[in-house]
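Visitor: First the structure, then my questions, so here it is.
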Amino acid sequence: MAEVRAHRGAGKGLSPSGLSALLIGIALFSTIEVASKLMQTGGGVAGDHPFWLAFFRFTGSGLLLAPLGLRLLHSGGVTPGNRDALRFAGLGLLGITVMAAFFHSAITYLPANIAALVFSCNPVFVVLFAPLVLPERITPRRVIAVAVCLAGIAVLARDGTDGPSTVGLLLMVAALIAFAFYTVIARRLTPRYGALPVTAFAVLAGGIFLLPLAWVFEGLPPGNYGAADWLGIAYLAVFATALGYFLYFYGLGHVDAGIGSMAFFLKPVLAAVFAWFVLGEGLSPHEFAGGALILAGMAVALWRRKPRRT
1 MAEVRAHRGA
11 GKGLSPSGLS
21 ALLIGIALFS
31 TIEVASKLMQ
41 TGGGVAGDHP
51 FWLAFFRFTG
61 SGLLLAPLGL
71 RLLHSGGVTP
81 GNRDALRFAG
91 LGLLGITVMA
101 AFFHSAITYL
111 PANIAALVFS
121 CNPVFVVLFA
131 PLVLPERITP
141 RRVIAVAVCL
151 AGIAVLARDG
161 TDGPSTVGLL
171 LMVAALIAFA
181 FYTVIARRLT
191 PRYGALPVTA
201 FAVLAGGIFL
211 LPLAWVFEGL
221 PPGNYGAADW
231 LGIAYLAVFA
241 TALGYFLYFY
251 GLGHVDAGIG
261 SMAFFLKPVL
271 AAVFAWFVLG
281 EGLSPHEFAG
291 GALILAGMAV
301 ALWRRKPRRT
C-alpha cells in the first residue's frame, strides 16, 4: 500500500506522474471554496443549506472512496473489525462532521478567496497539535508559525465594515482547528491502514453523521434543488473531494515529503485565482496583507532544514 501512504513519500525523489497527480489534486482542492460559493451566489439554492450540502458532498465521496479503501486494506493483509470501525467513525465525526459543518457554514459568510486563505492555516495548527498525540515537541518555530497565521487572520478581521465577516472568520478557524486535530490523529492510524483507507472510511462516516445535524438545523432536505445544484454537488463529491484525495495521496506516495509539504502553498494562491476568474473576487490591501502573513506562517511551519552532509 505504499502508493497511498503519505508517510512513505520520503526519499521518492521527483516522479513525474507523482508530481502531476499531486498538483492536480491540489488544484481540485483549490476549487472547493469557489464551487461552494457559486452554489450560493450563482442562482442555485444548495449553498444556502450548508449542512445538507456537506452531507451530500462527503457521503457521496465516501461511497466512492470506501470500496477502494477496503480493497487496499485487504491487499495489505488488514481485515478491519469492530474496533477499527469505531476508530474510523470517531475520526470522521471530528475531522469531517465537525469540520464540514463549520466550513460550509463559514462559506455562506465569507468570500471564497478569504475562506481558502484562512483554511490554509491548517498545516500550521497541525504542527502545533502534533506533540499532543505524536512523539514530537512544541518548538519556538511552531509557536511563531501559529502566531504569524493568527496575526494574518486578525488583519483580515480588522478590514473595516466592508471586510470579511467576523462570524465567518471564527467559523472557518473552528473548521481548520477541527481538521488539524483530525490530521494529527489520522497520522497515528496511517501506518497500520494507509492514508487513503483512513480518509475513505472517515469521510464516509463523517458524511453519514452529518445527516442528523442537517435534519435538526435545516429541516427536511430541500425539495427545490435544480440541475445546477445537483451538478455542483456532484462536482464537489466526485472531483473536488474523491478524485482530489486519490490524486493527492497518490502524489504524496511518489514524491519527497518536502515537496508534498510545500505543495500546500499552492492551494490559497490557486483558490484566489479561481475566485477572481469565476466569481470576480479581488483582494483589498488589508486582505492582501493578511494573506501574506498567513502564507508566511505556513512557510515557517513547513520549512525544513536539509540535513548536513558529512
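Count the sequence shown with the UniProt record's numbering and you get residues 1 to 310, in order. Where is the CB? At the ideal position from N, CA and C, for every residue including glycine. The model shown is predicted, which means the values in this text are computed figures rather than measured ones.
1. Nearest to Tyr248 by CA position, among Phe201, Gly291 and Leu196, is which residue?
2. So Gly92 packs on Phe209, CB below 8 Å; how close in whole Å?
3. Output the distance between the C-alpha atoms of His254 and Ala289, rounded to the nearest integer angstrom.
4. Are there three or more Cβ pairs, one per stretch, closer than 8 Å when the segment 32 to 40 is compared with the segment 102 to 110?
5. Quick check: the Cα distance between Leu65 and Ser75, rounded to an integer number of angstroms?
6. Ordered along the chain, which non-local residues of its own chain (more than five positions away) have a Cβ less than 7 Å from that of Val173?
7. Leaving out five residues on either side along the sequence, give the residues of the same chain with a beta carbon under 7 Å from the beta carbon of Leu211.
8. Report the residue from Leu252, Pro80, Ile114 and Ala46 whose alpha carbon sits nearest the alpha carbon of Ile294.
9. Please determine if the segment 213 to 229 and the segment 48 to 63 are in contact, where contact requires at least 3 C-beta pairs separated by less than 8 Å.
10. Which stretch, first to last residue, makes up the alpha helix (DSSP H) that contains His104?
11. Considering only C-alpha positions, which residue in the set Gly226, Ile96 and Leu86 is nearest to Phe58?
12. Out of Ser17, Gly25 and Gly43, point me to the one whose CA is closest to Ala263's CA.
13. Just tell me which of Gly77, Phe29, Gly43 and Val124 has its CA closest to the CA of Ala296.
14. Spatial neighbours of Phe129 within its chain, please: CB distance less than 7 Å, with the 5 preceding and 5 following residues excluded, ordered by chain position.
15. Return the chain-ordered list of same chain residues with a C-beta closer than 8 Å to the C-beta of Arg158, the five sequence neighbours on each side being excluded.
16. Apart from the five residues on each side of it in sequence, which residues of its chain come closer than 6 Å, Cβ to Cβ, to Ser120?
17. Give the DSSP-derived three-state secondary structure of Val78 in the structure shown.
18. Please work out which residues of its chain come closer than 8 Å, Cβ to Cβ, to Leu19, disregarding the five sequence neighbours upstream and downstream, and give them in chain order.
19. Among the residues of its own chain, which have a CB less than 6 Å from the CB of Val146, if the five just before and after it don't count?
20. Starting from the Cα of Asn122, find the closest Cα among Ile177, Leu94 and Val216 and give me that residue.
21. Taking the CB atoms as reference points, tell me whether Pro80 and Leu72 lie closer together than 8 Å.
22. Name the residue from Phe274, Val273, Ile233 and Phe29 whose alpha carbon lies nearest to the alpha carbon of Gly244.
23. DSSP three-state call for Gly244: helix, strand or coil?
24. On the three-state DSSP scale, how would you describe Gly232?
25. Around the C-beta of Thr199, are 16 or more other C-beta atoms found within 10 angstroms, so that it is buried, or is it exposed?
26. Report yes if the C-beta distance between Leu156 and Leu170 is below 8 Å; otherwise report no.
27. Excluding five sequence neighbours on each side, which residues of the same chain lie with their C-beta closer than 6 Å to the C-beta of Pro164?
28. Please return the same chain residues whose Cβ sits closer than 7 Å to the Cβ of Tyr193, not counting the five positions on each side in sequence.
29. Taking the alpha-carbon of residue 311 as reference, which of Leu53, Leu150 and Gly291 has the nearest alpha-carbon?
30. Helix, strand or coil: which one does DSSP assign to Ala2?
31. Buried or exposed: Ser61, going by 16 or more other Cβ atoms within 10 Å of its Cβ?
32. Let me check understanding here. Comparing Cα to Cα, which of Arg87, Leu150 and Leu189 lies closest to Met298?
Guide: Concretely, from the data shown:
1. For the purposes of this step, residue 248 is identified with residue 248 of the sequence shown, where counting begins at 1. Closest by alpha carbon: Leu196.
2. Here residue 92 corresponds to residue number 92 of the sequence shown, with the count starting at 1. Here residue 209 corresponds to residue number 209 of the sequence shown, with the count starting at 1. Their Cβ separation, rounded to whole angstroms, is 6 Å, which keeps Gly92 and Phe209 in contact under 8 Å.
3. Along the sequence shown, one-based indexing puts residue 254 at 254. Along the sequence shown, one-based indexing puts residue 289 at 289. Whole-angstrom Cα-Cα distance: 35 Å.
4. yes
5. What you label residue 65 is simply residue 65 of the sequence shown in a count that begins at 1. What you label residue 75 is simply residue 75 of the sequence shown in a count that begins at 1. Rounded to the nearest angstrom, the two C-alpha atoms are 16 Å apart.
6. For this step, residue 173 is matched to residue 173 along the sequence shown. Contacts found: Val118 and Ile153.
7. Counted from its first residue, the sequence shown places residue 211 at position 211. Once the five neighbours on either side are set aside, the close Cβ partners of Leu211 are Phe55.
8. On the sequence shown, position 294 is the one that residue 294 refers to. Ranking Leu252, Pro80, Ile114 and Ala46 by Cα distance to Ile294 puts Ile114 first.
9. yes
10. Indexing the sequence shown from 1 puts residue 104 at position 104. Counting along the chain, the alpha helix (DSSP H) containing His104 begins and ends at Met99 to Ile107.
11. Residue numbering aside, residue 58 sits at position 58 when the sequence shown is read from its first letter. Here the closest residue by C-alpha is Ile96.
12. To locate residue 263, count along the sequence shown from 1; it is residue 263. Of the candidates Ser17, Gly25 and Gly43, the one whose C-alpha sits nearest the C-alpha of Ala263 is Gly25.
13. Within the sequence shown, numbered from 1, the residue matching residue 296 stands at position 296. Comparing Cα positions, the closest option is Val124.
14. On the sequence shown, residue 129 is found 129 positions in, with the first residue counted as 1. Once the five neighbours on either side are set aside, the close Cβ partners of Phe129 are Ala180, Phe181 and Val184.
15. To locate residue 158, count along the sequence shown from 1; it is residue 158. So the qualifying residues of the chain are His286.
16. Taking the first residue of the sequence shown as position 1, residue 120 is located at position 120. Here the set comprises Lys267 and Pro268.
17. On the sequence shown, position 78 is the one that residue 78 refers to. Reduced to three states, the DSSP call for Val78 is coil.
18. One-based indexing of the sequence shown puts residue 19 at position 19. Here the set comprises Gly251, His254, Val255 and Ile259.
19. The residue labelled residue 146 in the question sits at position 146 within the sequence shown. Val124 and Leu128, listed in sequence order.
20. Locating residue 122 in the sequence shown gives position 122, where the first residue counts as 1. Closest by alpha carbon: Ile177.
21. If you number the sequence shown from 1, residue 80 lands on position 80. If you number the sequence shown from 1, residue 72 lands on position 72. In this structure, Leu72 does not lie closer than 8 Å to Pro80 by Cβ.
22. Walking along the sequence shown from the start, residue 244 turns up at place 244. The shortest Cα separation from Gly244 among Phe274, Val273, Ile233 and Phe29 belongs to Phe29.
23. Within the sequence shown, numbered from 1, the residue matching residue 244 stands at position 244. Helix.
24. As a first step, residue 232 must be located in the sequence shown, where it is residue number 232. Residue state, collapsed to three classes: helix.
25. Residue numbering aside, residue 199 sits at position 199 when the sequence shown is read from its first letter. Result: buried.
26. As a position in the sequence shown, residue 156 is number 156, starting the count at 1. As a position in the sequence shown, residue 170 is number 170, starting the count at 1. No; because the gap between Cβ atoms is not below 8 Å, this pair is not in contact.
27. Mapped onto the sequence shown, residue 164 falls at position 164. Hits under 6 Å: Leu110, Ile114 and Leu156.
28. In the sequence shown, the residue the question calls residue 193 occupies position 193. Excluding residues within five positions, the ones whose Cβ falls inside 7 Å are Leu73 and Val78.
29. Outside the displayed span of the chain (1 to 310) sits residue 311, for which this structure offers no information.
30. For the purposes of this step, residue 2 is taken as the residue at position 2 of the sequence shown. Caution applies to Ala2, whose pLDDT of 37 falls short of 50 and renders its modelled position unreliable; the value that the coordinates give is listed next. Here Ala2 sits in helix by DSSP.
31. The residue given as residue 61 occupies position 61 in the sequence shown. Ser61 should be labelled buried.
32. The residue you call residue 298 lines up with position 298 of the sequence shown. The option with the nearest alpha carbon to Met298 is Leu150.
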